[in-house]
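Read through the structure below, which is laid out as structure tokens, and then see the notes.
Protein chains: 2
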Amino acid sequence: MSSRTETSKTPEFGLSGRKIIYDEDGKPCRSCNTLLDFQFVTGTLKARGSGNSSASPVADSTQSPGSGELAAGAATDISNTSADQPLLIPGSKTYSKSGPADVEELGRSSWTLLHTIAAKYPNKPSDTQKQEMKQFMTIFSHVYPCGWCAKDFELFIKENAPKVDSKDDLGRWICAAHNEVNEKLGKEKFNCDLWKKRWVDGWD
Amino acid sequence: MSSRTETSKTPEFGLSGRKIIYDEDGKPCRSCNTLLDFQFVTGTLKARGSGNSSASPVADSTQSPGSGELAAGAATDISNTSADQPLLIPGSKTYSKSGPADVEELGRSSWTLLHTIAAKYPNKPSDTQKQEMKQFMTIFSHVYPCGWCAKDFELFIKENAPKVDSKDDLGRWICAAHNEVNEKLGKEKFNCDLWKKRWVDGWD
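Top line first, the protein sequences correspond to chains A and B.
Numbered as in numbering that gives the first Met the number 0, the first sequence ends at 203 without a single skipped number.
Numbered as in numbering that gives the first Met the number 0, the second sequence ends at 203 without a single skipped number.
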């Protein structure tokens, strides 16, 4: 890979101070960078307030407008829609022109899923359930759509085999995986003794 | 299962008009109902504006305060925190007392992950990648932490085997799966010809 400088069209670092991740075809990766950095490197960054950054009252950001099931979708984020574009996609009365998920939305979404999977995992899983959960975590680390994040998760799994013998084991293992990332990012670790309050029972 | 009436402590329907889903232990399922219905059935529903429903400037809702990697977390949702509770969890300076994900947050998060997985799937996957993606979707339908949603997804897979021969095949298959749910919920279907704009390239 050729070296990149701050003045090139493929800068090494973004406005966040983090390294810009490029796909194999040389384009910046949407789901591996923050939206800020992606817009910076693609020249689509807009000054705050210049575009139409408010949420449309009728439009939803996900494919599914509304709620429920393995569906739902209401978190409207159309901050990357410029004022001269229609807010809605062609032919739709409800879908806004939301862009692909950036690394932050992707991470947030994925941790929500993983912690909630642990929350519903049995206290006494069958052998099949244990085996499937191990497989799921392994494949997850292969298909996770941010390459460098996936590699880190794969390494974590190699050094810390998934603990799948009970709900509490799995919940604490995922909490530990999340904390390893928190640590890398210089963030506070979560007290894993509290994982069930956060993801199973609530705080009341 | 005993029949439930509107006046019992285990009502059949919630305020959303949807059936309340109970776990095997008889308690309402957090990740299978909307937050509104869960709070209704558990008697923890608060009048709008009575609690502290604004976001804390310092607190994040997910385990990971901040951004990045298979981490991230900033979507603060502390609407289920009452005014007489501290906003932060014990011993933390950054983690708010956010509750477990409801069926809507879970669905939104999971579709974001699935569509983005398709967005980063190869145009020409290897046999191993194809095999893993099929396995991933199958196990996903077993471990998805909302039982009735998982059953519906499992049925969809049985009737529509995952299409894993290319990025476009997978993206359209996931789009179709999402649309089946949209249809059940009475929502607009997404035009799957536009899936790459929504999840890969953006609208510019």
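Even glycine gets a Cβ: it sits at the ideal position worked out from N, Cα and C.
Open item on the list: At a CB distance below 8 angstroms, what residues from the region 97 to 110 of chain A approach chain B? Give them in sequence order.
Closed with: Ser97, Gly98, Pro99, Ala100, Val102, Glu103, Glu104, Leu105, Gly106, Arg107, Ser108, Ser109, Trp110
Open item on the list: Between the region 131 to 138 of chain B and the region 136 to 150 of chain A, can you find at least three pairs of beta-carbon atoms closer than 8 angstroms?
Closed with: In short, these stretches touch, since the Cβ pair count reaches three.
Open item on the list: Taking CB distances under 8 angstroms as the criterion, tell me whether Ile19 (chain A) reaches chain B.
Closed with: Here residue 19 (chain A) refers to the residue found at position 20 when the first sequence is read from its first residue. Judged by the 8 angstroms Cβ criterion, Ile19 (chain A) is not in contact with chain B.
- [ ] Hey, could you find the ends of the alpha helix (DSSP H) Ser109 (chain B) is sitting in?
- [x] Against the second sequence, residue 109 (chain B) aligns to sequence position 110. Looking at the DSSP string, the run of the alpha helix (DSSP H) that includes Ser109 (chain B) is 102 to 119.
Task: Identified DSSP bridge partners for Pro27 (chain B) - done: Position 28 of the second sequence, counted from the first residue, corresponds to residue 27 (chain B). Bridge partners of Pro27 (chain B): B:Tyr21.
Task: Inter-residue spacing [alpha-carbon to alpha-carbon] between Lys92 (chain A) and Arg171 (chain A) - done: The residue you call residue 92 (chain A) lines up with position 93 of the first sequence. The residue you call residue 171 (chain A) lines up with position 172 of the first sequence. Approximately 43 angstroms between the Cα atoms of the pair.
Task: Identity of the residue in A:Val40, A:Ser15, A:Leu193 nearest Tyr21 (chain A) by Cα - done: Mapped onto the first sequence, residue 21 (chain A) falls at position 22. Among A:Val40, A:Ser15, A:Leu193, the Cα nearest to that of Tyr21 (chain A) belongs to A:Val40.
Open item on the list: 8 angstroms is my cut-off, CB to CB: does Asp24 (chain A) come that close to chain B?
Closed with: Taking the first residue of the first sequence as position 1, residue 24 (chain A) is located at position 25. Not closer than 8 angstroms to any Cβ of chain B, the Cβ of Asp24 (chain A) fails to qualify, so no.
Open item on the list: Please confirm whether Pro161 (chain A) has its beta-carbon closer than 8 angstroms to some beta-carbon of chain B.
Closed with: As a first step, residue 161 (chain A) is located in the first sequence; it is residue number 162 there, counting from the start. So, not an interface residue.
TODO: Determine the closest residue to Pro121 (chain B) out of A:Phe155, A:Leu112, A:Cys145, with distance taken between C-alpha atoms.
DONE: Position 122 of the second sequence, counting from 1, holds the residue named residue 121 (chain B). Measuring from the Cα of Pro121 (chain B), the nearest candidate turns out to be A:Cys145.
Task: In DSSP terms, what Ser95 (chain B) is bridged to - done: Indexing the second sequence from 1 puts residue 95 (chain B) at position 96. Its beta-bridge partners are B:Leu87.
Task: chain A residues whose Cβ lies nearer than 9 angstroms to that of Thr43 (chain B) - done: What you label residue 43 (chain B) is simply residue 44 of the second sequence in a count that begins at 1. Those are Gly201, Asp203, listed as they occur along chain A.
Task: Neighbourhood of Leu44 (chain A) by C-beta distance below 7 angstroms, restricted to the same chain and skipping five residues each side - done: Position 45 of the first sequence, counted from the first residue, corresponds to residue 44 (chain A). Closer than 7 angstroms at Cβ, skipping near neighbours: Gln38.
Task: Three-state class that DSSP yields for Phe189 (chain A) in the structure shown - done: Working through the first sequence from its first residue, we reach residue 189 (chain A) at position 190. Here Phe189 (chain A) sits in coil by DSSP.
- [ ] Drop a sphere of 10 angstroms on the beta-carbon of Lys96 (chain B), count the other beta-carbons inside from all chains shown, and report buried for 16 or more, exposed for fewer.
- [x] Mapped onto the second sequence, residue 96 (chain B) falls at position 97. Around the beta carbon of Lys96 (chain B), 16 or more other beta carbons sit within 10 angstroms, so the residue counts as buried.
Task: Cβ contact check for the region 142 to 157 of chain A and the region 172 to 187 of chain B: 3 or more pairs under 8 angstroms - done: As far as the Cβ criterion goes, the region 142 to 157 of chain A does not touch the region 172 to 187 of chain B, which means the pair count is below three.
Open item on the list: Taking the alpha carbon of Gln130 (chain B) as the reference point, which residue from B:Leu154, B:Leu112, B:Leu169, B:Thr111 has its own alpha carbon closest?
Closed with: Along the second sequence, one-based indexing puts residue 130 (chain B) at 131. Looking at the Cα atoms, B:Leu169 is the closest of the given residues.
Task: Segment contact flag, the region 20 to 36 of chain B with the region 109 to 128 of chain B, C-beta cutoff 8 angstroms, min 3 pairs - done: no
TODO: Check the Cβ-Cβ distances between Ile156 (chain B) and every residue of chain A, and say whether any is below 8 angstroms.
DONE: For the purposes of this step, residue 156 (chain B) is identified with residue 157 of the second sequence, where counting begins at 1. False, the Cβ-Cβ gap to chain A never drops below 8 angstroms.
- [ ] Can you grab the Cα-Cα spacing for the pair Asp101 (chain B) / Thr33 (chain B), in whole Å?
- [x] Mapped onto the second sequence, residue 101 (chain B) falls at position 102. Mapped onto the second sequence, residue 33 (chain B) falls at position 34. Approximately 5 angstroms between the Cα atoms of the pair.
Task: Start-to-end residues for the alpha helix (DSSP H) that takes in Ile131 (chain A) - done: By 1-based counting over the first sequence, the position of residue 131 (chain A) is 132. Strictly speaking, residue 131 (chain A) in this sequence is Glu, with Ile absent from that position. Glu131 (chain A): member of the alpha helix (DSSP H) spanning 126 to 142, first to last residue.
Open item on the list: Considering Cα atoms alone, identify which of A:Leu86, A:Lys183, A:Asn178, A:Lys133 is closest to Ala160 (chain A).
Closed with: As a working mapping, residue 160 (chain A) is identified with position 161 in the first sequence. The residue with the shortest Cα to Cα distance from Ala160 (chain A) is A:Lys133.
Open item on the list: Strictly under 8 angstroms for the Cβ-Cβ distance: is Ser55 (chain A) near chain B by that measure?
Closed with: For the purposes of this step, residue 55 (chain A) is taken as residue 56 along the first sequence, with counting starting at 1. Model confidence at Ser55 (chain A) stands at a pLDDT of 30, short of 50, so the residue's coordinates are unreliable; what they give is reported in the following sentence. Not an interface residue.
Open item on the list: Any beta carbon of chain B sitting closer than 8 angstroms to that of Val142 (chain A)?
Closed with: The residue given as residue 142 (chain A) occupies position 143 in the first sequence. Chain B contact via Cβ: present.
TODO: Counting only the same chain and skipping the five closest in sequence on each side, list residues whose C-beta sits under 8 angstroms from that of Ile88 (chain A).
DONE: As a working note, residue 88 (chain A) is residue 89 in the first sequence. Tyr94, Ser95, Lys96.
- [ ] Look at the Cβ atom of Ala118 (chain A), then the Cβ atom of Ser165 (chain B), and state whether they are nearer than 8 angstroms.
- [x] Residue mapping note: residue 118 (chain A) aligns to position 119 of the first sequence, counting from 1. Residue mapping note: residue 165 (chain B) aligns to position 166 of the second sequence, counting from 1. It is not a contact, given that the beta carbons lie outside the stated cut-off.
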